[in-house]
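Everything on this sheet refers to the single structure shown next.
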Amino acid sequence: MLHLTSVDLKKAKIETLAIPVCEDKDIHDDKLIKALIKKAMKLKEFNGKKDQGVTLYDLPDVNARRVVLQGLGKLEKIDCEALRSMAGKTVTECIKNELSNVWIVVPEAKKINLEIPVVLEAMQEGAYLGNHIFDKYKGDKKKKVLNQINFVASPAIVKKFGRLPSQVTTVCQGTILAREWVSTPSNEKTPVKLTRSIVSLAKKARLKVHILTEKELKQKKFGALLAVAAGSQSKPSLVVLQHTVKGAKKTVALVGKGVTFDSGGLNLKTGSSMAGMKADMSGAAAVAATLISVAKLKKKTNIIGAIPIVENMPSGMATRPGDIVKSFSGKSVEIGNTDAEGRLILIDAMSYVIKKYKPQILIDLATLTGACMVALGEKIAGVFSNDDTLARAIVESGEKTQERCWHMPLPDDYKDLLKSDFADLNNISSTRWGGAITAALFLSEFVEDTRWAHIDIAGPAYINKASAYCGPGGTGFGVRLLMDIFDKI
Ligand code: BES
Ligand code: MN
Ligand code: ZN
0 MLHLTSVDLK
10 KAKIETLAIP
20 VCEDKDIHDD
30 KLIKALIKKA
40 MKLKEFNGKK
50 DQGVTLYDLP
60 DVNARRVVLQ
70 GLGKLEKIDC
80 EALRSMAGKT
90 VTECIKNELS
100 NVWIVVPEAK
110 KINLEIPVVL
120 EAMQEGAYLG
130 NHIFDKYKGD
140 KKKKVLNQIN
150 FVASPAIVKK
160 FGRLPSQVTT
170 VCQGTILARE
180 WVSTPSNEKT
190 PVKLTRSIVS
200 LAKKARLKVH
210 ILTEKELKQK
220 KFGALLAVAA
230 GSQSKPSLVV
240 LQHTVKGAKK
250 TVALVGKGVT
260 FDSGGLNLKT
270 GSSMAGMKAD
280 MSGAAAVAAT
290 LISVAKLKKK
300 TNIIGAIPIV
310 ENMPSGMATR
320 PGDIVKSFSG
330 KSVEIGNTDA
340 EGRLILIDAM
350 SYVIKKYKPQ
360 ILIDLATLTG
370 ACMVALGEKI
380 AGVFSNDDTL
390 ARAIVESGEK
400 TQERCWHMPL
410 PDDYKDLLKS
420 DFADLNNISS
430 TRWGGAITAA
440 LFLSEFVEDT
450 RWAHIDIAGP
460 AYINKASAYC
470 GPGGTGFGVR
480 LLMDIFDKI
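Residues 0 to 488 (numbering that gives the first Met the number 0) are what the sequence shown spells out, left to right.
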């Protein structure tokens, strides 16, 4: 569906040709494209400003029905994200106009001071991700996605980077899979249903799958995880997905928070704060989708995904505030607040993975705290780590993929805030300040000497309003980020 080709624009019969235009510099080599831009720039309504667009029809110079010119703004402001957005917007506009395909011209990388593969990758990502609509539950599926997206480049580039579209497609399919899982309503993804869905797709991707059922979780004493699941009618599970490579030297473990709905439990959330809580399994969705993409792309590292799946509900069986449970690690935890449930399922999954698989690196993804959203807003994730090099690698991948991450502190002395009078730890802090940090510190008590990073994705996992290449709902945040990290750590 994504193609990279070179064509003779004079002759090729094209429905829609899209051209990115820089406001203050020529960024194309092709003479014909230059002429088209010159023509458009003469119009009052178009000068290449960011997000400005104009459509010209039936021009004599080309055999394209319509030529869409999309402004990128000034040269100094053009980066990968500007290109990703431009491609995404072009595709969403085409969908709106009920078109079925598009040809997007790739600008000259050196003229915008970027590398060729970086330009290609960003544009292909924006286009592929923009070409998705979550309309599974709509009766009349009014909008139809494009069935073909073509990128126009020189023959030399097509020859050299011909394999890129299929790689980008696999990663973006992972992002879209995660988006769909997150957008699915909680009644359609109870722990039992979500477990089945993940397991069936993982098996199709030929991952090794290991499921710990409620019975096994009880036998193996996953006390913290089970305490969260206690109030729900749907049984919990821990799903472990394994990608193993012969001769690989390193094992990276990923753990993703899979709370299919977070009502808060007996510490019930208010109506407005409960509203978005179907997305509380976004970490799980990202980890599962990443493993599926990893298997398809045959990554060279051993990668393990551990996904604890529960629903946090109030009931006569539910865990009470003040209850004390024994975690898988053996440490006891006082549950000061049943709404701080994410950290409880994560510690058991993390301890299990460390004990059983002894990974060199462990990364967890979780919609863990509202406090992280207060700190960083809705678009940036918080990274907490016991290893600065690992944190830096994550922040760097975040810059490249535009799944942005900010390195946050893990101050040792704040650990005092998690003291309990009766148990080894309390699951909530004794102060309301620094909630994202104390949540991360709680997790840090269970990682032993493993190189570990925690990514709090409470903000960027979900959007209520469409962006350039993501509709309202789950964003799939984490898949592109993690896929980029494996090659660096
Ligand atoms: N799932 C929430 C965190 C969250 C909040 C995610 C908003 C996305 C948007 C988490 O389980 C939670 O309830 N955290 C509490 C922790 C508190 C009880 C210590 C919070 O942030 O208020
Ligand atoms: Mn909660
Ligand atoms: Zn939660």
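Even for Gly, the Cβ is constructed at its ideal location relative to N, Cα and C.
Distance cut-off 7 angstroms: residue i Cβ against heavy atoms of the ligand MN
i              : result
asparagine 425 : no
aspartate 139  : no
alanine 339    : yes
asparagine 505 : Examination of residue 505 is not possible in this model, given that the chain is present from 0 through 488 alone.
aspartate 455  : no
glycine 263    : yes
Residue environment, residue i, which counts as buried when at least 16 other CB atoms sit within 10 Å
i                 : result
serine 429        : exposed
tryptophan 102    : buried
aspartate 411     : exposed
aspartate 455     : buried
arginine 205      : exposed
glycine 329       : exposed
aspartate 338     : buried
serine 489        : Any answer about residue 489 is impossible in this case: the structure gives the chain only from 0 up to 488.
valine 181        : buried
tyrosine 127      : buried
lysine 487        : exposed
asparagine 146    : exposed
lysine 43         : exposed
tyrosine 468      : buried
phenylalanine 485 : buried
serine 314        : exposed
glycine 503       : No answer is possible for residue 503: it lies beyond the span of the chain, which begins at 0 and ends at 488.
tryptophan 451    : buried
aspartate 261     : buried
phenylalanine 160 : buried
proline 116       : exposed
phenylalanine 445 : buried
glutamate 340     : buried
glycine 470       : buried
methionine 482    : buried
glutamate 377     : exposed
Residue i beta carbon near the ligand BES (any heavy atom closer than 7 angstroms)
i              : result
asparagine 336 : yes
methionine 273 : no
glycine 369    : yes
methionine 372 : yes
glycine 475    : no
glycine 282    : no
glycine 434    : yes
Check: residue i C-beta below 7 angstroms from any heavy atom of the ligand ZN
i             : result
aspartate 279 : yes
valine 227    : no
valine 258    : yes
threonine 366 : yes
Residue i CB to nearest heavy atom of the ligand SAH below 7 angstroms
i          : result
valine 286 : Ligands present in the displayed structure are limited to the ligand BES, the ligand MN and the ligand ZN, and the ligand SAH is not among them.
- Continuous alpha helix (DSSP H) assignments of at least 4 residues falling wholly in the segment 184-218: 190-203, 213-218
- Item | Complete alpha helix (DSSP H) runs within the segment 114-179 (minimum length 4 residues, chain order) | 115-129, 154-159
- Would you be able to state if there are at least three C-beta pairs under 8 angstroms between the segment 294-303 and the segment 265-284? The segment 265-284 is not in contact with the segment 294-303.
- Message: Three or more C-beta pairs under 8 angstroms: does that hold for the segment 278-292 against the segment 355-364?
- Response: The segment 278-292 vs the segment 355-364: in contact.
- Ranges of the beta strand (DSSP E) found wholly within the segment 412-463, counting only runs of at least 3: 450-455
- Validate contact between the segment 168-176 and the segment 466-485 using beta carbons, cut 8 angstroms, 3 pairs: yes
- Task: Check whether the segment 183-199 touches the segment 12-31, taking contact to mean three or more Cβ pairs, one atom from each stretch, closer than 8 angstroms.
- Result: no
- Message: Three or more C-beta pairs under 8 angstroms: does that hold for the segment 312-330 against the segment 341-357?
- Response: Yes, since at least three Cβ pairs between the segment 312-330 and the segment 341-357 fall closer than 8 angstroms, the two stretches touch.
- Query: Fully enclosed by the segment 73-110, which alpha helix (DSSP H) runs are 4 residues long or longer?
  - Reply: Those alpha helix (DSSP H) runs which fall completely within the segment 73-110 and span 4+ residues are 79-95.
- Message: Within 8 angstroms, do at least three Cβ pairs link the segment 3-14 to the segment 145-160?
- Response: At 8 angstroms Cβ cutoff, the stretches touch.
- Item | At least 3 beta-carbon pairs within less than 8 angstroms: the segment 399-417 vs the segment 437-447 | Put simply, the segment 399-417 touches the segment 437-447. At least three CB pairs are less than 8 angstroms apart.
- Item | Any alpha helix (DSSP H) of 4 or more consecutive residues that is wholly inside the segment 211-278 | 213-218, 222-228, 270-273
- Query: At which residue ranges does the segment 297-371 contain complete alpha helix (DSSP H) runs of 4 or more residues, listed in the order of the chain?
  - Reply: Counting only runs of 4 or more, we get 341-356.
- Query: Just checking, does the segment 244-254 make contact with the segment 199-217 on the three C-beta pairs under 8 angstroms criterion?
  - Reply: no
- Does the count of Cβ pairs from the segment 210-230 and the segment 247-256 closer than 8 angstroms reach three? no
- Task: Determine contact between the segment 80-97 and the segment 25-34, defined as no fewer than three beta-carbon pairs at a distance below 8 angstroms.
- Result: no
- Length-filtered (3 minimum) beta strand (DSSP E) runs lying within the segment 47-77: 52-56, 63-72
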